[in-house]
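In full-length UniProt numbering, the protein residues as written are 1 to 184. We put the CB at the ideal spot given by N, CA and C, even for glycine. Below you'll find the structure, written out as structure tokens, and then a few comments.
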């Protein structure tokens, strides 16, 4: 059994990107082929990750998380002094389990000394010890994406944008309707 704590941050993010695509596939938002690719990525072990090429979705998800991390300071500046037209601040982070992991969102944020405090914004599928609405603390280093809404439009949300790109056209409205903002 491979424990994620021995993986590099990039390996964990690649694994988690595959998990996100698998969950979206399980929910019927992606094709069966996309879901199977994500499931295969989830089953890889550390040495296999280095030797196996990632799917285009996984590569895009990795780039999205890298971009979000690179621009986290911009998010923190806005979070510190939001304008009246800026709302719905949230971060995405990963929770490591014994031999698995899950990406979750935290909203109603406060940030102090490198730690976010907020409420869990979605119901965990794997991290059963956590409950939606529970107050959690998340280290800045564990953030893989962030978002807020400005004038009704999504800012950040890099991984959401990648997920949306791979949603079948027939399911796009259903995907968009779950959010209280517009994509541009």
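Check your understanding: Which residues mark the beginning and the end of the alpha helix (DSSP H) in which residue 69 is found?
Key -> 56 to 70
Check your understanding: Around the C-beta of residue 135, are 16 or more other C-beta atoms found within 10 angstroms, so that it is buried, or is it exposed?
Key -> exposed
Point to revise | Top-ranked residue by Cα proximity to residue 76, from 156, 63, 170 and 166 | key: 156
Exercise for review: Indicate the three-state DSSP secondary structure (helix, strand or coil) for residue 183 in the structure shown.
Suggested key: coil
Exercise for review: Give the secondary structure of residue 166 by DSSP, where H, G and I count as helix, E and B as strand, and everything else as coil.
Suggested key: coil
Point to revise | Proximity to residue 82 [Cα-Cα], best of 151, 181, 131 and 125 | key: 151
Exercise for review: Return helix, strand or coil for residue 79, following the three-state DSSP convention.
Suggested key: helix
Exercise for review: Count the other CB atoms, across all protein chains shown, that sit within 10 Å of the CB of residue 70; report buried if there are 16 or more and exposed otherwise.
Suggested key: exposed
Practice item. Measure the Cβ-Cβ separation of residue 116 and residue 140 and say whether it is below 9 Å. Key: yes
Practice item. Measuring alpha carbon to alpha carbon, tell me which of 148, 57 and 63 ends up nearest residue 105. Key: 148
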